[in-house]
Amino acid sequence: MSLILKNVVLDGEKKDIYIEGNEIKKIGNNLNLKAEEKIDGKEEKAILPGLINCHTHAAMTLFRGYGEDMTLNDWLKKKIWPLEAKLTEEDVYWGTKLACLEMIKTGTTCFNDMYWLEEASAIASEEMGVRAVIGLTVLDFLKAGNKEKVEEKRDILKKRKFNIIKFSVSPHAIYTVSKENLIWAKDFAKKNNLLFHMHVSETEEEVKNCQKRYKLRPVEFLEKIGVLDENTVLAHTVWLSDKEIKILAKRKCSVVYNPCSNLKLAVGGIFPYKKMKENNVNVCLGTDGAASNNNLDLFEEMKIGALLQKHREKNPLIANVKEVFNWATINGARALKINAGKIKEGKLADLILIDLKKTFFSPGHNFLSDIIYSGSGPSVSDSICNGRILMRDGKVEREREIMKRVKKIAENLIKKAK
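In the numbering used here, the protein residues as written are -14 to 403.
Spelled out as structure tokens, the structure:
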């Protein structure tokens, strides 16, 4: 498969981009190269690297708007976990399809997932054409999350030979996974060359309980048991001490900032970006699940994430537009170990086109500023992942069918819960 993008705006200049297979092969002016498919931007479409959502629970689109205005503990125990216990593979398959549809339409071409029934998620993502890292979830209190099941799932998934899907080992959190199982999970990840992805220090209560149980703060505890390294991706990391941030820097871990979900669930703190930056910690961006956000729009995360940092530090110079854009692109690619996040020859062809005719891109003094502070998901007109066109002029194949199917599945789930 080959594709040529003509007359697109790259860094303020008109360019042509030639894609062969899944890779950007040539960037230049007036490229006279034959391709099987063509998109002409007519200098009305800007091109950006696809956005990377480094922490989400894709199939939780099924629970969007269910269980509102509750504490995190009550929300999980009274609403989410009872419903999740009734999920089938078909439910997760369609919930993930809806998530992929939403991400395609809002500019995300890759996501890092943590959820149940992982094979269904992987199949749905592959079919939709969205690159993903699917977490093999580890959880002590459910049989589906024990180490035997994780090993079994890994063997099954390895045989399927996915094209754009990678896998991680994903212990839920230190309060749901024992010390012994966290160590096993990291050893299993190393043995199978997998990423290690978990929730850490999302709430102050989590930190206090960890100190009570282990006499250490969460990151100190994870350091002591040897699970932190450059293949570790930690979600939330709101309640950290200076010592913990230095540990993350030393171990070259990546952290994921989830501003909208943290605000909605009222976790009581704001991600310490300034100190992360000072210590050169790789900061990525995530939406969390659609049940606690309630969308998967990384444009919204960039804006709110930047504004929160300026407010937190009382300094408008914190989190400049380039840094914020990097959270959602190159930093995410670095964390997930994929050759993407930049528009450059030799990089994966994970790209999005932005409709410059939208009113909020006028008069156009600073395009990156417009993207972060004025734009939104619907600014995206076309989406390309792994060299394949997923959305063209705002249209995605079978989108109405997916939405109708998910609506019926969600209604049936609620009936089961009553």
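By construction, the Cβ of each residue, glycine as well, lies at the ideal position given by its N, Cα and C atoms.
Quantities reported herein were computed from a predicted structural model and do not represent experimental measurements.
By the C-beta criterion, the stretch 78 to 97 is judged to be in contact with the stretch 276 to 286, since at least 3 inter-stretch pairs fall below 8 Å. Contact between the stretch 325 to 343 and the stretch 14 to 34 is present: three or more C-beta pairs spanning the two stretches fall below 8 Å.
DSSP places Glu21 in the coil class of the three-state scheme, outside both helix and strand.
In the three-state reduction of the DSSP assignment, Ile394 falls in the helix class, which pools H, G and I.
Note that the stretch 62 to 70 does not touch the stretch 295 to 305; fewer than 3 beta-carbon pairs, one per stretch, sit closer than 8 Å. Looking at the DSSP output, Tyr242 sits in a beta bridge with Leu270. For Gly13, the enclosing beta strand (DSSP E) starts and ends at Glu8 to Gly13.
Looking at the DSSP output, Tyr3 shares a beta bridge with Ile(-11) and Lys11.
Contact annotation: Thr46 and Leu(-5) have beta-carbon atoms that are not nearer than 7 Å. With a threshold of 16 other beta carbon atoms within 10 Å, Phe126 falls short and is exposed. Counting other Cβ atoms within 10 Å of its Cβ, Ala313 reaches 16 or more and is therefore classed as buried. In the structure shown, Phe147 adopts coil according to DSSP, grouped into three states. For a cut-off of 8 Å, the C-beta gap from Tyr3 to Ile(-11) is around 5 Å, short enough to register as a contact. For Glu330, the three-state secondary structure derived from DSSP is coil. The closest CA to that of Phe345, considering only Leu333, Asp335, Tyr358 and Ala334, is found on Tyr358. Note on Gly379: under 16 other CB atoms within 10 angstroms of its CB, so exposed under the neighbour-count rule.
For the pair Glu87 and Leu333, the Cα-to-Cα distance works out to about 21 Å. Annotated three-state conformation of Ile255 is coil, per DSSP.
By the Cβ test, the stretch 178 to 197 is in contact with the stretch 217 to 225, since at least three Cβ pairs between them sit closer than 8 Å.
Ile303 sits in coil when the DSSP states are folded into three classes, being neither helix nor strand. Secondary structure of Asp172 (DSSP, three-state): helix. Across the structure, Gly13 and Pro156 are spaced so that their CA atoms are roughly 45 Å apart. In this structure, Val268 keeps its C-beta atom at 7 Å or more from the C-beta atom of Leu233. In the DSSP assignment, Arg116 falls within the beta strand (DSSP E) that extends over Arg116 to Val123.
With contacts defined as CB atoms closer than 7 Å, Ala107 and Phe147 qualify as a contacting pair. Under the criterion of beta carbons closer than 8 Å, Ala320 and Val192 do not qualify as touching, at roughly 23 Å. Taking the C-beta atoms as reference points, Gly120 is found nearer than 7 Å to His182.
For Ile315, there is no enclosing beta strand (DSSP E); the residue is found in the alpha helix (DSSP H) stretching over Ile315 to Leu321. Beta-bridge pairing by DSSP links Lys380 to Arg377. With a cutoff of 7 Å on beta-carbon distance, Gly274 and Thr41 are scored as near each other.
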